[in-house]
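Contents: one structure, followed by commentary.
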Amino acid sequence: MPILPLLALPLALLSCASAPRAGSALPEEIRAVIEAPEFRHAHWGILFVDRESGETVHEWNADKLFVPASVTKLFTVAAALETLGPDFRFETAIVQRGEIDAQGSLAGDLILVASGDLTMGGRTDAEGRIAFANSDHTYANGNDTAQWTDPDPVAGLDELARQIRGRGISRLDGEVLVDDRLFERSEGSGSGPRSLSPVLVNDNLVDLLVTPAEPGRPAKVDWRPRALIVRVDAQVETVAPDAPVDVFVSGTAPGEIRVRGKVPAGHAPLLRTIEVSDPPAFARALLIEALRRGGVGVAASPLGANPIDLLPGRETLAGLPRVAVLRSPPFSENARLILKVSHNLHASTLPLLLAARAGKRTLGEGLLLEAEALRRIGVPVGEISFGGGAGGSRADHVTPRATVALLRAMMSRPDASMFEASLPVLGVDGTLARVVEAGSPARGKARAKTGTLFWDDGLSGRPLLTSKALAGFLETAKGRRLAFAMFVNGTHLEKEDDTARVGRVLGRLCEIVHARD
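End of the sequence shown = 967 in this note's numbering, gap-free, step of one.
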């Protein structure tokens, strides 16, 4: 994993609250959890405060720095809401270069101008909302429960093609181009994507769905998006029902995907993904096929790279007529998706979008703009450090107090209810769906952002849990509303699945505080 340059943000500290701080003592029920033998090497940071008054309820190492993992996304989304606003909509345009004759032939090119639209119409449901599954397809290679959503991932491209045909264009004699110059291509961090691009179709992934048959028979392998640029070589055997899942995906060449392994009979359809190596070429190929489906004859081949050398200068491009525009759902929907499923790609892209909005192009510039936005919100920026937007950079550190300051500050804004509703609900949905039992008294009483980050320990072969985190809002059994942040950093695990067990420990702490306070 590449190491991004560290970007500390040393701005003036702001007070989280004027209420007095509690002492270092924690209730025995909480101490029994965090002092369990499995956490003997770990570092804990805990802060629960009254959401309205700021009175401290429980505190432990609240002013120490901790690795936040995906709790980072709370800060990233908050800065984007402050800068873009919840009603902001991406507009992705296609412009024409050349003239259309009486027969509807365009003697020139169609150019899709990437706007950074995070979903490009590929998750929009019938109600105009962005669909999500509790276990998102972007995490499919790390678990066996991920699902894709119902909307067609190329629906946005089909809509653009429909508009182009409606403008009387029936044939394109020139090229189809994708202008991806909105910001500099960057590398992702943590468990996120390898590449960040301003053009995103299906999260720049090919989804592969493996459905078992009878033991001894080949499993069925389907994929989407279906396209000429994607070729799949699948050999997956259906084995006995009690056998483990063993399916892996690899890219043998650009556009060529190999699926191998074994899947047990009776297992639910298994989702795996592979990241495309060239997002602009991927989008271009899918757009050419959408145009053809929509009744526009295209001479250009969907195979090969995006011919960027044919793109006009930015000033010339701005003067070309639009022939189609795709408008996204409001940004509040993007925020909801990012926070509910902990979407690494989209969160990683947000600082670059902030940079582009200000006429800048780099991640570093975007992070400095994020710092300005967080300072306007009322976050003590001097207590935090970020190297990316998703949580996974080695620069990422926050204090529990700064995190709670962010949460309380967001509740004083006009978009407060939208922000709170975007968080996973304990025991109900998103990344908190399975953290407590269905009968837990705290089920549905907390809305919070999860965080998980681990590294492989080369000495033992075990995972080292760098961070498990949870931050958000909790309603107690007495009706008291709290804002909280909890971090546990640095503990050995026996296997990767143990991260979920530690997540349930944080859920247990929510249950304790819910019952007693």
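We put the CB at the ideal spot given by N, CA and C, even for glycine.
Next on the checklist: Using only the alpha-carbon positions, how far apart do alanine 950 and glycine 957 sit?
Outcome noted: Between alanine 950 and glycine 957, the C-alpha separation is close to 10 angstroms.
Next on the checklist: Just to confirm my understanding: we take alanine 596, look at its own chain, exclude 5 residues before and 5 after, and list those with CB closer than 6 angstroms. What are they?
Outcome noted: So the list reads Ser585, His587, Tyr589, Ala590, Leu721, once near-sequence residues are dropped.
Next on the checklist: If you reduce the DSSP assignment to three classes, tell me which class glycine 473 lands in.
Outcome noted: Here the model assigns glycine 473 a pLDDT of 42, short of 50, so the residue's position is not dependable and the matter cannot be decided.
Checklist entry - Just the Cα atoms here: how many angstroms apart are glycine 572 and isoleucine 480? => result C-alpha separation (whole angstroms): 44 angstroms.
Checklist entry - So, helix, strand or coil for valine 848, using DSSP? => result The DSSP-derived three-state label of valine 848 is strand.
Item to check | Residues near proline 780 in its chain [Cβ-Cβ closer than 8 angstroms; skip 5 each side] | outcome: Correct list, in chain order: Pro536, Asp537, Phe538, Arg539.
Item to check | Unbroken alpha helix (DSSP H) run spanning glutamine 613, endpoints | outcome: Note, glutamine 613: alpha helix (DSSP H), 605-616.
Item to check | Own chain residues within Cβ distance below 7 angstroms of proline 601, not counting five before or after | outcome: Cβ within range, chain order: Gly572, Arg573, Thr574, Asp575, Ala581.
Item to check | Among Leu909, Ala797, Val886, nearest to alanine 530 - alpha-carbon criterion | outcome: Distance check between alanine 530 and each of Leu909, Ala797, Val886 places Ala797 closest, using alpha-carbon atoms only.
Checklist entry - Do the CB positions of threonine 853 and alanine 921 come within less than 8 angstroms of each other? => result Yes, the Cβ-Cβ distance between threonine 853 and alanine 921 is below 8 angstroms.
Checklist entry - So what does DSSP say about methionine 936, is it helix, strand or coil? => result Reduced to three states, the DSSP call for methionine 936 is strand.
Item to check | Paired residues, beta bridge with glutamate 925 - DSSP | outcome: Under DSSP, glutamate 925 forms a beta bridge with Arg931.
Checklist entry - For lysine 810, which three-state DSSP category applies? => result Coil at lysine 810, not helix or strand.
Checklist entry - Of the residues Val695, Trp905, Val963, which one's Cα is nearest the Cα of lysine 981? => result Residue coverage of the chain in this structure runs from 451 to 967, which leaves residue 981 outside it and unanswerable.
Checklist entry - Starting from valine 628 and walking both ways along the beta strand (DSSP E), at which residues does that stretch end? => result Element bounds for valine 628: 626-629.
Checklist entry - Can glycine 554 and isoleucine 619 be called in contact, C-beta distance under 8 angstroms? => result Yes, they are a contact pair.
Item to check | Coarse secondary structure for alanine 735, derived from DSSP in three states | outcome: Here alanine 735 sits in helix by DSSP.
Checklist entry - Which ranges would you report for the beta strand (DSSP E) in the stretch 539-569 if only whole runs of at least 3 residues count? => result For the stretch 539-569, whole beta strand (DSSP E) runs of length 3 or above, ordered along the chain, are 541-550, 555-563.
Item to check | First through last residue of the beta strand (DSSP E) which encompasses leucine 655 | outcome: That run of the beta strand (DSSP E) goes 655-661.
Checklist entry - In whole angstroms, what is the alpha-carbon distance linking aspartate 947 and glycine 911? => result Roughly 14 angstroms between the two C-alpha positions.
Checklist entry - Quick check: the stretch 626-635 against the stretch 761-770, are there 3 or more CB pairs under 8 angstroms? => result The stretch 626-635 is in contact with the stretch 761-770.
Item to check | Neighbour-count burial assignment, leucine 802, 16 or more Cβ in a 10 Å radius | outcome: Around the Cβ of leucine 802, a 10 Å sphere holds 16 or more other Cβ atoms; the residue is buried.
Next on the checklist: Can you tell me whether alanine 898 is helix, strand or coil according to DSSP?
Outcome noted: In the structure shown, alanine 898 sits in a strand (DSSP, three-state: E or B).
Checklist entry - When the distance is taken between beta carbons, is valine 695 closer than 8 angstroms to glutamine 546? => result Valine 695 sits away from glutamine 546, with the two beta carbons spaced by 8 angstroms or more.
Checklist entry - Ends of the beta strand (DSSP E) at isoleucine 724? => result 720-725 is the extent of the beta strand (DSSP E) around isoleucine 724.
Item to check | First and last residue of the uninterrupted alpha helix (DSSP H) at arginine 777 | outcome: First-last for arginine 777: 772-777, but that is the beta strand (DSSP E), not the alpha helix (DSSP H).
Item to check | alanine 472 versus glycine 578 - alpha carbon distance | outcome: At alanine 472 the pLDDT is 40, less than 50, meaning the model places this residue with poor confidence; the figure from the coordinates comes in the next sentence. Note on geometry: alpha-carbon atoms of alanine 472 and glycine 578 lie some 46 angstroms from one another.
Checklist entry - According to the Cβ coordinates, are valine 649 and alanine 735 closer than 8 angstroms? => result No, the pair does not count as a contact, with Cβ atoms beyond the cut-off.
Checklist entry - Tell me the DSSP bridge mates of proline 913? => result DSSP links proline 913 through a beta bridge to Asp906.
Next on the checklist: Give me, in chain order, the residues of the same chain whose beta-carbon lies closer than 8 angstroms to that of alanine 715; leave out the 5 immediate sequence neighbours on both sides.
Outcome noted: Cβ neighbours of alanine 715 beyond the five flanking positions: Pro662, Ala663, Glu664, Pro665, Thr688, Val689, Ala690, Pro691.
Checklist entry - Name the DSSP bridge partner or partners of phenylalanine 698? => result In the DSSP output, where bridge partners are listed per residue, phenylalanine 698 has Arg710.
Next on the checklist: For alanine 821 and valine 527, which I take to be in contact (beta-carbon distance under 8 angstroms), what is that distance rounded to the nearest angstrom?
Outcome noted: So it is not a contact: roughly 15 angstroms between Cβ atoms.
Checklist entry - Can you tell me the Cα-Cα spacing of glutamate 505 and glutamine 685, whole angstroms? => result Going by C-alpha positions, glutamate 505 is about 60 angstroms away from glutamine 685.
Checklist entry - Under the rule that 16 or more other beta-carbon atoms within 10 Å means buried, what is arginine 676, buried or exposed? => result A residue is called buried when at least 16 other Cβ atoms come within 10 angstroms of its Cβ; arginine 676 does not meet this threshold and is exposed.
Next on the checklist: Let me make sure I understand the geometry here. Which of Ser503, Glu634, Asp551 has the alpha-carbon closest to that of lysine 810?
Outcome noted: Among Ser503, Glu634, Asp551, the Cα nearest to that of lysine 810 belongs to Glu634.
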